[in-house]
Amino acid sequence: MSEVLLFVHVFAATMFLGNIVVTAVWKLIADRSNNLNILRYAIKLVFLTDYVFTFGGAVLLSATGGYMARSYGMNFLDTPWLLYGVGCFLLSGLSWMLGLIPNQIRQRRLLNQASDFDAIAEPFRALAKRWYLWGTLANVFAICALFFMVTR
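Take 1 as the starting number for the sequence shown in UniProt numbering and just add one per residue.
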């Protein structure tokens, strides 16, 4: 197998997992600021980094992983570590698409309509709690995918 292809695959995993872990940290810091300008900027960056690193990493991971599996003649249904790894990766992606993105859209809308944080503090914090729940799920599934792929 091409070492370049393997490098791209590992780089994509780093992009994907690195972004979802680090975004949770700096978003938590921004959320605690209670400053509308900081929060608006943070949610803008969440969307940008999700598109570039999470989505970009997921596309590269899927393409390189699928190509390598086919090159080795692997069927993920017949290869337990691949089945579990791909399954966890898909669950991470579903958590992102079904939980995180809709929540981020609501947070952005709420922040953009507000003129004072105190007026939106309660609904914003409720959305933030749900975002952390979905984000935790996405992170746990992604880390499990990494575990299965590396320890196979």
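By construction, the Cβ of each residue, glycine as well, lies at the ideal position given by its N, Cα and C atoms.
| request: Taking only runs that begin and end inside the region 67-98, name each unbroken beta strand (DSSP E) of 3 or more residues, in chain order. | output: none
| field | residue 159 burial status per 10 Å Cβ neighbour count (16 or more: buried) | value | Any answer about residue 159 is impossible in this case: the structure gives the chain only from 1 up to 152.
| message | Please list the terminal residues of the continuous alpha helix (DSSP H) segment that includes Tyr41. | response | Here residue 41 refers to the residue found at position 41 when the sequence shown is read from its first residue. Start and end: 36-49.
| task | For Asn103, count neighbouring C-beta atoms within 10 Å of its own C-beta (all shown protein chains included) and say buried if the count is 16 or more, exposed if not. | result | Position 103 of the sequence shown, counted from the start, is the residue given in the question as residue 103. Buried, because 16 or more other Cβ atoms sit within 10 Å of the Cβ of Asn103.
| message | Using C-beta distances below 7 Å, list every residue in its chain close to Ala30, excluding the 5 sequence neighbours before and after it, in chain order. | response | Here residue 30 refers to the residue found at position 30 of the sequence shown. Here the set comprises Ile38, Leu39, Ala42.
| field | Presumed contact (8 Å Cβ cut-off) between Thr14 and Thr49, rounded CB distance | value | Taking the sequence shown and counting its residues from 1, the one referred to as residue 14 is at position 14. Taking the sequence shown and counting its residues from 1, the one referred to as residue 49 is at position 49. Contact doesn't hold; Cβ gap of about 14 Å is too wide.
| task | Note down the Cα distance separating Thr136 from Arg70, rounded to an integer number of angstroms. | result | Indexing the sequence shown from 1 puts residue 136 at position 136. Indexing the sequence shown from 1 puts residue 70 at position 70. Near 31 Å, if we compare the C-alpha coordinates of Arg70 and Thr136.
| task | Could you pull the start and end residues of the alpha helix (DSSP H) that Arg108 belongs to? | result | Working through the sequence shown from its first residue, we reach residue 108 at position 108. From DSSP, the alpha helix (DSSP H) with Arg108 extends over 101-113.
| query | When you compare only the Cα positions, how much space is there between Phe16 and Phe124? | reply | Translated into the one-based positions of the sequence shown, residue 16 becomes position 16. Translated into the one-based positions of the sequence shown, residue 124 becomes position 124. So the two alpha carbons sit approximately 26 Å from each other.
| message | Buried or exposed for Lys44, going by 16 or more other Cβ atoms inside 10 Å? | response | Here residue 44 refers to the residue found at position 44 when the sequence shown is read from its first residue. Classification of Lys44: exposed, given that the 10 Å Cβ count is below 16.
| field | Separation of Tyr51 from Leu133, as counted between CA atoms | value | Along the sequence shown, read from residue 1 onward, the residue named residue 133 stands at position 133. Along the sequence shown, read from residue 1 onward, the residue named residue 51 stands at position 51. Leu133 and Tyr51: Cα-Cα distance of roughly 20 Å.
| request: Report all residues from its chain with a CB closer than 7 Å to the CB of Ser95; omit the five preceding and five following residues, and keep chain order. | output: For the purposes of this step, residue 95 is taken as the residue at position 95 of the sequence shown. Within the same chain, Ser95 has close Cβ partners Trp134, Leu137, Ala138, Phe141.
| Assuming Val150 and Thr64 make a contact with CB atoms under 8 Å, what is their CB distance in whole Å? | Taking the first residue of the sequence shown as 1, we reach residue 150 at position 150. Taking the first residue of the sequence shown as 1, we reach residue 64 at position 64. That belief does not hold up - the Cβ atoms of Val150 and Thr64 are roughly 15 Å apart, past 8 Å.
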